[in-house]
Amino acid sequence: MTGDIWVEGYAALFGTPDLEGDVVRAGAFRASLARRASVPMLVQHEPRLLAGVWSALEEDARGLFVRGRIDTGLPGAARARAALRDGVDGLSIGFVAVVAERTGAGRALIEIELLEVSIVAQPMQPQARLTWREAPAPFARAA
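Numbering of the sequence shown is given in numbering that gives the first Met the number 0, commencing with residue 0 and proceeding in unit increments.
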């Protein structure tokens, strides 16, 4: 892998419990996304392993969809590329729960301040997965 690496996928899924029992509600990211156009792309939530920026972030009916590019000039880029090459395909959000309600098994996350999205080996939300490709331009997202 020597060219640009584009990564995309669902970093959070609405209405689906994660391994701790937390459930993200639709609209939970709305206020946070209105305040920022991008968030850092990290490897395993490690701040020193900045690999790129998620430049497209949007809520849709399924969850929080993200798209970004691994920047070869950043300290975590080599680790991110190696992880992808080795089959790592998980995404995980770093966040602050602004508004949450306790539920039986976890929390209902009503409003979230999104801090970062990481490429991870074991996502807390097992269905939060990515796809990637080496290309000069990002994926074209189907309507």
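Positions of the beta carbon are idealized from the N, C-alpha and C atoms, including for glycine. Since we're looking at a predicted model, the values are computed, not measured.
Around Gly62, the same chain offers Tyr9, Ala11, Leu12 and Phe13 as residues with beta carbons nearer than 6 Å, after the five sequence neighbours per side are excluded.
Here Leu129 is buried. Its C-beta has 16 or more other C-beta atoms within 10 Å.
Annotation for Ala99: Arg106, Ala107, Leu108 and Ile109 place their beta carbon closer than 7 Å to its own, counting only its chain and skipping 5 residues before and after. Only residues of its own chain outside the window of five on either side were considered, and among them Leu32 and Val65 have a CB closer than 6 Å to the CB of Leu56, listed in chain order.
Asp3 is positioned such that its CB atom lies closer than 9 Å to that of Pro135. Shown here, Ser37 sits in coil according to DSSP, grouped into three states, outside any helix or strand. Around the C-beta of Asp59, fewer than 16 other C-beta atoms lie within 10 Å, and the residue is accordingly described as exposed. For Ala79, the uninterrupted alpha helix (DSSP H) segment begins and ends at Ala76 to Arg84. Collapsing the DSSP output to three states places Leu114 in a strand. Here Val119 is near Leu90, since their CB atoms are less than 9 Å apart. If you compare the alpha carbons of Asp70, Leu41 and Val23 with that of Val95, the shortest gap goes to Val23.
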